[in-house]
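Below is one structure; the comments refer to it alone.
2 protein chains.
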Amino acid sequence: MKLALIGCGLLGGSLAAAWRRAGRVSGVVGYDRDAAQAAQAVARGIADQAADTPAQALRGAGVVVLATPVGAMEALFGELARHAGADAIITDVGSTKAGIIAQARVALGERFPRFVPAHPIAGGALPGIENSSADLFAERWVVVTPQPDTDLRALQWVEDSWSASGATVERMAAPEHDRIFAAVSHLPHVLAFALVDLIAAQPDGLRKLQFAGAGFRDFTRIAASDPMMWRDIALANAPALGTELAAFRSQLDALQAAVDSGDANTLLQLFERASRVRREQRFGAAVQEGYGD
Amino acid sequence: MKLALIGCGLLGGSLAAAWRRAGRVSGVVGYDRDAAQAAQAVARGIADQAADTPAQALRGAGVVVLATPVGAMEALFGELARHAGADAIITDVGSTKAGIIAQARVALGERFPRFVPAHPIAGGALPGIENSSADLFAERWVVVTPQPDTDLRALQWVEDSWSASGATVERMAAPEHDRIFAAVSHLPHVLAFALVDLIAAQPDGLRKLQFAGAGFRDFTRIAASDPMMWRDIALANAPALGTELAAFRSQLDALQAAVDSGDANTLLQLFERASRVRREQRFGAAVQEGYGD
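Residue numbers (our numbering), protein chains in the order written: chain X, 6 to 298; chain P, 6 to 298.
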């Protein structure tokens with residue numbers, strides 16, 4: 006099974022390395038808009054060849070992975086419709102799903118059932134092919150959002166490939182995926198960008214940043230993320246992100262009222278609820294005391 | 006010089022250990038509202054004796070350190086006015102300054118000049134006397150906010166003690182301190198609490214938290230902080246925190262408009278500015294390109 010890797014960054018490089026090590030693919034051709042990245046993939050033994058165009062990479066590929074920023078995918082689906090083999094499995098690693106699926110449905114036409122929408126959750130690593138690793142997905146989630154007409158063999162092949170890479174595969178509906186990641190990923194990124202920008206733009210911003218401590222550094226680490234990638238994500242997931250952002254603004258309205266009026270009880274209750282959840286790190290726990298009543 | 010340590014937690018324990026190692030104090034009496042904490046201070050060799058009351062700890066003390074939550078300090082200043090020696094140096098480790106100073110001025114009366122308001126910036130460590138260390142303040146900031154009538158010898162003694170502990174001392178006006186830490190510490194804490202609480206309270210909150218990745222964990226680490234301590238800080242620094250919170254809400258209003266209208270340029274520009282500052286970690290740099298025009 007030959008892999009056409011479109012986009013040679015951290016995720017694509019790690020996927021190719023992991024799938025090859027697991028014996029899921031036997032040859033890799035890499036394409037990147039930045040030819041130096043594709044050359045790096047070859048130099049690191051992640052790809053066997055670098056292609057000059059997407060069409061060249063697609064030639065003879067049994068599986069095609071789109072590992073580009075979300076905003077570049079629509080045009081690439083058009084390339085796939087023209088140049089991918091009729092039986093090629095197509096998948097992606099995009100952080101948003103419903104928008105990509107809608108684009109793929111239009112652009113891929115009758116090939117759409119061979120597209121398996123997927124999103125590996127592997128944040129926290131440094132970006133770039135130079136940081137890619139076959140171990141990146143070990144004990145990480147990979148969310149797969151198949152459609153009613155998704156080809157079941159293609160779906161199974163992609164899920165098996167992720168499982169063989171050490172990941173835990175979770176199927177869900179695309180809108181649920183987008184709601185979840187709007188809340189736990191896209192919104193925190195937007196908030197971190199917003200805070201750093203707010204402070205840095207103030208007349209005394211540099212003076213303030215001079216005294217930023219460990220808490221600020223943790224809170225704003227994700228504000229160092231790639232701006233174009235996050236612009237794409239914010240736009241591609243605008244409906245769900247907009248909903249979460251509006252809810253968060255309401256939460257802040259209540260907090261502002263509590264701060265301004267010296268409402269100690271409201272502050273303490275909110276801080277206690279959050280602190281309990283966060284300290285217990287109940288990410289995935291079955292019981293949710295004190296919430297959702 | 007005997008030290009009366011009022012509040013035996015991470016900061017107080019570390020201060021006593023650091024000042025003793027540096028030869029700044031030769032004996033330590035610890036008091037804590039929770040007698041077990043004071044006993045721990047003795048068991049760990051941080052204090053020589055545990056006192057049953059603040060008054061008992063103050064007997065014969067040349068320097069008194071308030072290392073309690075900010076909300077407990079007002080009452081303690083009253084104890085100090087009654088029981089501290091006339092020449093005792095008084096200082097604190099509180100995260101807010103103007104409010105504490107105002108309380109101290111009223112409660113301490115003619116002893117007020119012997120009070121040296123201070124704030125060591127040592128976030129990121131685990132709380133509690135069991136995590137205290139004489140090394141906690143090495144290469145950290147300690148902000149000191151003396152008043153026009155602060156006794157210069159008391160000020161010098163406190164600053165020298167911090168310098169001898171490896172910290173870098175910065176003098177500033179109390180309102181500037183409060184503005185700075187409202188922006189780079191208090192606001193991020195409030196935002197992290199608010200986000201965890203918002204998500205956890207949603208009907209699908211647990212499902213969402215199940216898929217939270219490294220970015221979310223970093224962003225919300227400070228939401229595990231002590232709720233009562235942060236309620237006190239939010240109330241004690243309400244004017245400055247309220248100002249920063251209002252500015253952040255305006256920033257989010259603009260972001261919401263950009264997300265809802267698909268304004269790619271506004272999003273990209275904001276993300277780029279923030280990412281540049283954060284990646285370069287220009288906390289303390291002298292030049293601030295692209296900002297403050």
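Here a beta-carbon is modelled for each residue, glycine too, at the ideal position from N, C-alpha and C.
Practice prompt. Pull up the CB-CB distance for residue 97/P and residue 122/P, whole angstroms please, since I reckon it's below 8 Å.
Written response: Here residue 97/P refers to the residue found at position 92 of the second sequence. Here residue 122/P refers to the residue found at position 117 of the second sequence. Going by Cβ atoms, the distance from residue 97/P to residue 122/P rounds to 6 Å, so yes, they are a contact pair.
Discussion item. Quick check: residue 25/P and residue 73/P, are their CB atoms within less than 9 Å of each other?
Written reply: Residue numbering aside, residue 25/P sits at position 20 when the second sequence is read from its first letter. Residue numbering aside, residue 73/P sits at position 68 when the second sequence is read from its first letter. Contact annotation: residue 25/P and residue 73/P have beta-carbon atoms that are not nearer than 9 Å.
Worksheet entry | Residue environment, residue 208/P, which counts as buried when at least 16 other CB atoms sit within 10 Å | Translated into the one-based positions of the second sequence, residue 208/P becomes position 203. By the C-beta density criterion, residue 208/P is exposed, having fewer than 16 other C-beta atoms within 10 angstroms.
Practice prompt. Please state whether DSSP places residue 126/X in a helix, a strand or coil.
Written response: To locate residue 126/X, count along the first sequence from 1; it is residue 121. Of the three classes helix, strand and coil, the one that applies to residue 126/X here is coil, per DSSP.
Fill in: Nearest-angstrom Cβ-Cβ length linking residue 17/X and residue 126/P, presumed shorter than 8 Å
For this step, residue 17/X is matched to residue 12 along the first sequence. For this step, residue 126/P is matched to residue 121 along the second sequence. Contact doesn't hold; Cβ gap of about 41 Å is too wide.
Practice prompt. Taking only the alpha-carbon atoms, compute the straight-line gap between residue 76/P and residue 190/X and give it to the nearest angstrom.
Written response: The residue you call residue 76/P lines up with position 71 of the second sequence. The residue you call residue 190/X lines up with position 185 of the first sequence. CA-to-CA, the gap between residue 76/P and residue 190/X works out to about 34 Å.
Worksheet entry | residue 7/X - DSSP class collapsed to helix/strand/coil | One-based indexing of the first sequence puts residue 7/X at position 2. Note: residue 7/X maps to strand in three-state DSSP.
Fill in: Test item: CB-CB of residue 116/X and residue 95/X under 9 Å
Counting from one through the first sequence, the residue named residue 116/X turns up at place 111. Counting from one through the first sequence, the residue named residue 95/X turns up at place 90. Closer than 9 Å, so yes.
Worksheet entry | Segments assigned beta strand (DSSP E), at least 3 residues, entirely inside the region 68 to 92 of chain P | Listed in chain order, they are 68 to 71.
Discussion item. Please list, in chain order, the residues of the region 104 to 118 of chain X that have any C-beta partner in chain P closer than 9 Å.
Written reply: Residues: none.
Worksheet item: When Cβ atoms are compared, which residues of the region 199 to 211 of chain X fall closer than 9 Å to chain P?
Response: Within the region 199 to 211 of chain X, the residues whose Cβ lies closer than 9 Å to some Cβ of chain P are 199, 200, 201, 202, 203, 204, 205, 206, 207, 208, 209, 210, 211, listed in chain order.
Worksheet entry | Proximal residues of chain P, C-beta to C-beta of residue 233/X below 9 Å | Position 228 of the first sequence, counted from the start, is the residue given in the question as residue 233/X. The answer, in chain order, is 273, 276, 277.
Item to complete: Leaving aside the five residues before and after residue 233/P along the sequence, list all residues of the same chain whose C-beta is less than 8 Å from its C-beta, in chain order.
Response: On the second sequence, residue 233/P is found 228 positions in, with the first residue counted as 1. In its chain, beyond the 5 residues on either side, 74, 76 have a beta carbon closer than 8 Å to the beta carbon of residue 233/P.
Practice prompt. Using a Cβ-Cβ cut-off of less than 9 Å, list which residues of the region 131 to 162 of chain P approach chain X; keep chain order.
Written response: Result list: 145, 146, 148.
Worksheet item: What is the residue span of the beta strand (DSSP E) that residue 238/P lies within?
Response: As a first step, residue 238/P must be located in the second sequence, where it is residue number 233. Secondary structure note for residue 238/P: it is in no beta strand (DSSP E), and the uninterrupted alpha helix (DSSP H) holding it is 232 to 241.
Worksheet item: Just the Cα atoms here: how many angstroms apart are residue 255/X and residue 112/X?
Response: The count along the first sequence starts at 1 and reaches residue 255/X at position 250. The count along the first sequence starts at 1 and reaches residue 112/X at position 107. So the two alpha carbons sit approximately 38 Å from each other.
Discussion item. Please classify residue 266/P as buried or exposed, where buried requires at least 16 other C-beta atoms within 10 Å of its C-beta.
Written reply: The sequence position of residue 266/P within the second sequence is 261, counting from 1. The Cβ neighbour count for residue 266/P, taken over all protein chains shown within 10 Å, is under 16; the residue is labelled exposed.
Discussion item. Whole angstroms are fine: how far does the CA of residue 49/X sit from the CA of residue 142/X?
Written reply: For the purposes of this step, residue 142/X is identified with residue 137 of the first sequence, where counting begins at 1. For the purposes of this step, residue 49/X is identified with residue 44 of the first sequence, where counting begins at 1. The alpha-carbon of residue 142/X is positioned some 19 Å away from that of residue 49/X.
Fill in: Contact set between residue 213/P and chain X, taken where Cβ atoms lie within less than 8 Å
Along the second sequence, read from residue 1 onward, the residue named residue 213/P stands at position 208. Listed along chain X, the residues sitting closer than 8 Å to residue 213/P by beta-carbon distance are 184, 185, 188, 189.
Worksheet item: Thinking C-alpha only, which one of 53/P, 15/P, 19/P is nearest residue 325/P?
Response: With chain P covering 6 to 298 only, the question about residue 325/P has no answer from this structure.
Worksheet item: Per the contact definition of three or more C-beta pairs closer than 8 Å, is the region 188 to 204 of chain X in contact with the region 242 to 256 of chain P?
Response: Output reads yes: the region 188 to 204 of chain X touches the region 242 to 256 of chain P.
Fill in: beta strand (DSSP E) runs wholly inside the region 19 to 63 of chain X, at least 3 long, in chain order
Listed in chain order, the complete beta strand (DSSP E) runs (minimum 3 residues) inside the region 19 to 63 of chain X are 32 to 36.
Discussion item. Using the three-state DSSP reduction, which class does residue 144/X fall into: helix, strand or coil?
Written reply: Working through the first sequence from its first residue, we reach residue 144/X at position 139. Three-state DSSP puts residue 144/X in coil, outside helix and strand.
Fill in: Short Cβ contact (9 Å threshold) for residue 259/P with residue 236/X
In the second sequence, counting from the first residue as 1, residue 259/P sits at position 254. In the first sequence, counting from the first residue as 1, residue 236/X sits at position 231. When the beta-carbon positions are compared, residue 259/P and residue 236/X stay at least 9 Å from each other.
Worksheet item: Alpha carbon to alpha carbon, how far is residue 131/X from residue 198/X?
Response: Start at 1 with the first residue of the first sequence, and residue 131/X comes out as number 126. Start at 1 with the first residue of the first sequence, and residue 198/X comes out as number 193. Distance from the CA of residue 131/X to the CA of residue 198/X, rounded to the nearest whole angstrom, comes to 17 Å.
Fill in: Range covered by the beta strand (DSSP E) that runs through residue 176/X
If you number the first sequence from 1, residue 176/X lands on position 171. Residue 176/X: member of the beta strand (DSSP E) spanning 173 to 176, first to last residue.
Item to complete: Rounded to whole angstroms, what's the CA-CA distance from residue 298/P to residue 210/X? Just pull it up for me.
Response: Against the second sequence, residue 298/P aligns to sequence position 293. Against the first sequence, residue 210/X aligns to sequence position 205. With a pLDDT of 23 at residue 298/P, under the threshold of 50, the modelled position of this residue cannot be trusted, and the question is left open.
Discussion item. If you measure between the beta carbons of residue 40/P and residue 55/P, is that distance less than 9 Å?
Written reply: Within the second sequence, numbered from 1, the residue matching residue 40/P stands at position 35. Within the second sequence, numbered from 1, the residue matching residue 55/P stands at position 50. Contact flag set, yes.
Discussion item. Excluding the 5 residues flanking residue 145/P on each side, which residues of the same chain have their C-beta closer than 6 Å to its C-beta?
Written reply: Against the second sequence, residue 145/P aligns to sequence position 140. Contacts found: 126, 127, 172.
Worksheet item: With C-beta atoms as the reference, is residue 245/P less than 9 Å away from residue 159/P?
Response: Here residue 245/P is taken as the residue at index 240 of the second sequence, counted from 1. Here residue 159/P is taken as the residue at index 154 of the second sequence, counted from 1. Between residue 245/P and residue 159/P, the C-beta gap is not smaller than 9 Å, which leaves the two residues out of contact.
Item to complete: Identify, in the order they occur along the chain, each residue of the same chain with its Cβ nearer than 6 Å to the Cβ of residue 241/X, setting aside the five sequence neighbours on each side.
Response: What you label residue 241/X is simply residue 236 of the first sequence in a count that begins at 1. Excluding residues up to 5 positions away in sequence, 75, 101, 104 lie with their Cβ nearer than 6 Å to the Cβ of residue 241/X in the same chain.
Practice prompt. For residue 122/X, go through chain P and note every residue whose CB falls closer than 9 Å to its CB, in chain order.
Written response: Mapped onto the first sequence, residue 122/X falls at position 117. Residues of chain P with a Cβ closer than 9 Å to the Cβ of residue 122/X do not exist, since the nearest Cβ in that chain sits about 16 Å away.
Worksheet item: Excluding five sequence neighbours on each side, which residues of the same chain lie with their C-beta closer than 7 Å to the C-beta of residue 82/P?
Response: Locating residue 82/P in the second sequence gives position 77, counting from the first residue. Closer than 7 Å at Cβ, skipping near neighbours: 108, 109, 112, 113.
Discussion item. 9 Å is my cut-off, CB to CB: does residue 129/P come that close to chain X?
Written reply: Taking the first residue of the second sequence as position 1, residue 129/P is located at position 124. Yes - at least one Cβ of chain X is within 9 Å of the one on residue 129/P.
Fill in: residue 178/P, buried or exposed, once every other Cβ within 10 Å from all chains shown has been counted against 16
Walking along the second sequence from the start, residue 178/P turns up at place 173. Counting Cβ neighbours within 10 Å, residue 178/P comes out exposed, since fewer than 16 surround it.
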